[in-house]
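Protein chains: 2
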Amino acid sequence: MVLIERLRARQWRLSAQRRVIAEVLSGPSLHLTAEEVTQRARAALPEISVATVYNTLNELVGMGELREIDGIGRLRRYDPNTVQPHHHLVCVGCDRILDVFPEEDFAGALEPSERHGFEVHRADVLFSGRCPGCREG
Amino acid sequence: MVLIERLRARQWRLSAQRRVIAEVLSGPSLHLTAEEVTQRARAALPEISVATVYNTLNELVGMGELREIDGIGRLRRYDPNTVQPHHHLVCVGCDRILDVFPEEDFAGALEPSERHGFEVHRADVLFSGRCPGCREG
DNA sequence: GTCTTTTATTAGACCAATTCTAAATCTTTG
DNA sequence: CAAAGATTTAGAATTGGTCTAATAAAAGAC
Numbered sequence: 001m002v003l004i005e006r007l008r009a010r011q012w013r014l015s016a017q018r019r020v021i022a023e024v025l026s027g028p029s030l031h032l033t034a035e036e037v038t039q040r041a042r043a044a045l046p047e048i049s050v051a052t053v054y055n056t057l058n059e060l061v062g063m064g065e066l067r068e069i070d071g072i073g074r075l076r077r078y079d080p081n082t083v084q085p086h087h088h089l090v091c092v093g094c095d096r097i098l099d100v101f102p103e104e105d106f107a108g109a110l111e112p113s114e115r116h117g118f119e120v121h122r123a124d125v126l127f128s129g130r131c132p133g134c135r136e137g
Numbered sequence: 001m002v003l004i005e006r007l008r009a010r011q012w013r014l015s016a017q018r019r020v021i022a023e024v025l026s027g028p029s030l031h032l033t034a035e036e037v038t039q040r041a042r043a044a045l046p047e048i049s050v051a052t053v054y055n056t057l058n059e060l061v062g063m064g065e066l067r068e069i070d071g072i073g074r075l076r077r078y079d080p081n082t083v084q085p086h087h088h089l090v091c092v093g094c095d096r097i098l099d100v101f102p103e104e105d106f107a108g109a110l111e112p113s114e115r116h117g118f119e120v121h122r123a124d125v126l127f128s129g130r131c132p133g134c135r136e137g
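Given below as structure tokens:
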């Protein structure tokens, strides 16, 4: 289920602004910045303000319907795939971002001796390398 | 070898300011923000300016003597352990950050079918959970 | 040593991303 | 419809970080 469907299922109040933002973020593999969300939302609703975009993004994050991704470039990105656990693979050449769905549970892969008594909940992995296109040049 | 020793070994020009910053960052497991580096540096050299701190941090990063860590909280952190590859384990309760040195090479652990033709160079892993202290409360 | 050149430091202006504020506008409910 | 509540808004404010242009310090040449 894609973001906008999940929001409808939850019966979240969908104003025109929220709907447009949710539609922009409805897709299987998106990693947009707030700026990019604003631009795309404005294509459908030119009057929408950045404050609304930030308000909405933060609400969705709080609801668990959007995941904040830091550490890819310097801008925060928003990932609407909160359904399937996954990591990210970034090309150092062109900054393309792909989702990866590893078999292995990396959180569990941390040896007990390295856990320092923590109860380890999750592991977020950022893979980086060169994509096929950037390997040639 | 700790940061300041490596800089001496490289014969990097050590002004009073650079020395103080390098000393602040000399330790086995540090993950300071620019702000924290400035505060600690000012304990030894109160006149030091934030511009110098940022200049120096960026130079050290460029030299490969300091690693930028994004994605832990919202502030960039600087990690002087560029010698041993490692990942980070963060407590969601108290934000404590620990280094972990896993046996496994996570970059290699990404299945070929999930590589999308990339040449995968590295994997940065951020483990999160609750530390022994925060598990009780 | 002094002159010259290079390098480092600085205050403060600047910038970009994000949050805050307080007013205005919708929605819902009685 | 009126009142209460939620949402949106422009623009101000804040924050983390960079840039600029001037000053200071160090290194090299003689």
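Chains F and B, in that order, give the protein sequences.
Residue numbers for the first sequence follow the working numbering, beginning at 1 and rising by one.
Residue numbers for the second sequence follow the working numbering, beginning at 1 and rising by one.
Beta carbons: idealized from backbone N, C-alpha and C, even for Gly.
Nearest Cα to Ala123 of chain F within the set F:His87, F:Cys134, F:Arg76 and F:Gly117: F:His87. Spanning the alpha carbons of Gln17 of chain F and Glu35 of chain F requires a straight line of approximately 15 Å.
Counting along the chain, the unbroken beta strand (DSSP E) around Gly129 of chain F starts and ends at Glu119 to Arg130. Leaving aside the five residues that flank Phe127 of chain F on each side, the residues in its chain whose CB is nearer than 8 Å to its CB run, in chain order, His87, His88, Leu89, Val90 and Val100. Against chain F, a Cβ distance below 9 Å from Ser128 of chain B picks out Ala107, Phe118, Val120, His121, Arg122, Ala123 and Asp124.
Apart from sequence neighbours up to five positions away, the residues of its chain that approach Ile69 of chain F with a beta-carbon distance below 8 Å are His31, Arg76, Arg77, Tyr78, Asp79 and His88, ordered along the chain. In this structure, the alpha-carbon of His121 of chain B lies about 19 Å from that of Met63 of chain B. Less than 9 Å divides the Cβ of Asp95 of chain F from the Cβ of Gly73 of chain F.
Beta bridge pairing from DSSP links Asp99 of chain B with B:His88. In the DSSP assignment, Glu68 of chain F falls within the unbroken beta strand (DSSP E) covering Arg67 to Ile69. For Pro80 of chain F, no CB of chain B lies under 9 Å from its own CB, so it is not counted at the interface with that chain. Leu75 of chain F sits in coil when the DSSP states are folded into three classes, being neither helix nor strand. DSSP lists F:Arg77 as the beta-bridge partner residues of Thr33 of chain F. In this structure, Cys131 of chain F sits near Gly93 of chain F, with a CB-CB distance shorter than 9 Å. A straight line joining the alpha-carbon of Gln11 of chain B with that of Glu114 of chain B spans about 44 Å. Classified as buried, Glu65 of chain B has 16 or more neighbouring CB atoms from the shown chains inside 10 Å of its CB. Distance from the CA atom of Leu98 of chain F to the CA atom of Ala43 of chain B, rounded to whole angstroms, is 45 Å. Between Leu110 of chain F and chain B, the shortest Cβ-Cβ separation is below 9 Å. If you ignore the 5 residues before and after Val61 of chain B, its C-beta comes within less than 7 Å of the C-beta of Glu68, all in its own chain and listed in chain order. Close to Glu114 of chain F, with beta-carbon spacing below 7 Å, are these residues of chain B in chain order: Val100, Phe101 and Pro102. For Leu60 of chain F, the uninterrupted alpha helix (DSSP H) segment begins and ends at Val50 to Met63.
In this structure Leu7 of chain F touches Leu14 of chain F by the C-beta definition: roughly 6 Å separates them, less than 8 Å. At a C-beta separation below 7 Å, Arg135 of chain F has these neighbours in chain B: Glu119. Using beta-carbon distances, Leu89 of chain F counts as an interface residue toward chain B, with a partner under 9 Å. Contact between Leu110 of chain F and Pro102 of chain B holds, with the beta-carbon distance rounding to 6 Å and staying under 8 Å. Counting only the Cα atoms, Val20 of chain F lies some 48 Å from Ile48 of chain B. Burial check for Gly129 of chain B: the Cβ neighbour count within 10 Å reaches 16 or more, so the residue is buried. Counted as a single uninterrupted DSSP element, the alpha helix (DSSP H) harbouring Gly108 of chain F occupies residues Phe106 to Ala109.
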